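First up is the structure itself, then whatever we jot down about it.
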Amino acid sequence: MNIFRLAGDMTHLASVLVLLLKIHTIKSCAGVSLKTQELYALVFITRYLDMFTSFVSIYNTIMKLIFLGSTFSIIWYMKHHKLVRRSYDKDQDTFRHWFLVLPCLLLALLIHEKFSFLEVMWTFSIFLEAVVILPQLVLLQRTRNIDNLTGQYVFLLGAYRALYILNWIYRYFTEPHYVHWITWISGLIQTLLYADFFYYYFESWKNHKKLQLPA
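The sequence shown begins at 114 in the numbering used here and counts up by one.
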């Protein structure tokens with residue numbers, strides 16, 4: 114594992130911890146999209162099916178369990194915790210997220226490295242993760258005023274993808290025959306979706322102002 118992969122994993126983990134910190138301490142999920150969390154749960158379920166068929170490492174297994182457990186915990190809090198669910202802005206979080214699932218599944222059935230159940234599900238998870246942030250970005254654009262923890266959560270998610278791009282570049286030049294077009298293109302699309310958010314995030318940080326997205 115190279116430093117970019119490790120940094121990406123730790124940044125991804127940090128994003129989840131920031132969101133859990135907000136929910137547990139403030140008892141609020143204001144500005145957080147339940148639709149994005151549900152899509153992330155589907156991404157992790159379909160990507161980590163290999164836990165039942167193969168063992169990579171203790172690190173790999175622990176990270177998978179953490180992302181599965183934390184995502185389902187966030188969903189449970191947003192749906193069932195009395196105080197947290199009151200802060201969920203259901204009227205603004207209206208992106209029809211399940212409409213993203215079928216196109217990604219069809220694309221995975223058509224474009225994959227090997228036609229098998231596990232491989233198609235893994236490819237589906239890659240395609241879906243590329244667009245999973247859309248409900249969250251739409252919600253932030255509608256609410257405009259974004260609290261610090263929510264802003265940090267989205268920023269860390271974007272940083273995690275950017276670090277993975279550096280990881281792929283590093284592996285391309287250091288590992289023979291390392292070519293994964295499906296992962297590369299999907300990761301690049303996902304990172305580009307964060308570009309507008311990154312711009313306003315750094316502008317607010319530079320000017321010491323609260324993060325606001327244009328309507």
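Note that the Cβ used here is the ideal one computed from N, Cα and C, for glycine as well.
Computed from a predicted model, the values in this text were never measured in an experiment.
In whole angstroms, give me the CA-to-CA distance for residue 160 and residue 235. For the purposes of this step, residue 160 is identified with residue 47 of the sequence shown, where counting begins at 1. For the purposes of this step, residue 235 is identified with residue 122 of the sequence shown, where counting begins at 1. Roughly 5 Å separates the two Cα atoms.
What is the rounded straight-line gap between the Cα of residue 317 and the Cα of residue 324? In the sequence shown, the residue the question calls residue 317 occupies position 204. In the sequence shown, the residue the question calls residue 324 occupies position 211. Near 5 Å, if we compare the C-alpha coordinates of residue 324 and residue 317.
Residue 327, enclosing alpha helix (DSSP H) - first and last residue: One-based indexing of the sequence shown puts residue 327 at position 214. Counting along the chain, residue 327 falls outside any alpha helix (DSSP H), and DSSP gives it neither H nor E.
Is it true that the CB of residue 190 sits closer than 8 Å to the CB of residue 136? As a position in the sequence shown, residue 136 is number 23, starting the count at 1. As a position in the sequence shown, residue 190 is number 77, starting the count at 1. Yes; because the gap between Cβ atoms is below 8 Å, this pair is in contact.
Are residue 242 and residue 150 close, meaning C-beta to C-beta below 8 Å? To locate residue 242, count along the sequence shown from 1; it is residue 129. To locate residue 150, count along the sequence shown from 1; it is residue 37. No, they are not a contact pair.
Since residue 96 and residue 119 are thought to touch, with beta carbons under 8 Å apart, how far apart are those beta carbons, to the nearest angstrom? The structure shown does not extend to residue 96, since the chain is modelled only from 114 to 328, so the question has no answer here.
Candidates 309, 283, 269, 139, of which the one nearest residue 201 by Cα: If you number the sequence shown from 1, residue 201 lands on position 88. The residue with the shortest Cα to Cα distance from residue 201 is 139.
Endpoints, the alpha helix (DSSP H) within which residue 282 is located: Translated into the one-based positions of the sequence shown, residue 282 becomes position 169. Run containing residue 282: 261-287, per the alpha helix (DSSP H) assignment.
How long is the line joining the alpha carbons of residue 170 and residue 177, rounded to whole angstroms? As a first step, residue 170 must be located in the sequence shown, where it is residue number 57. As a first step, residue 177 must be located in the sequence shown, where it is residue number 64. Computed Cα separation, rounded: 11 Å.
Across the stretch 272-279 and the stretch 303-314, are there enough close Cβ pairs to call them in contact, namely three or more that are closer than 8 Å? yes
So residue 183 is in the alpha helix (DSSP H); what residue range does that whole segment cover? For the purposes of this step, residue 183 is taken as residue 70 along the sequence shown, with counting starting at 1. Taken as a continuous stretch (DSSP letters only), the alpha helix (DSSP H) holding residue 183 covers 171-193.
Specify, as a first and last residue, the run of the alpha helix (DSSP H) that residue 125 falls within. The residue given as residue 125 occupies position 12 in the sequence shown. Run containing residue 125: 116-134, per the alpha helix (DSSP H) assignment.
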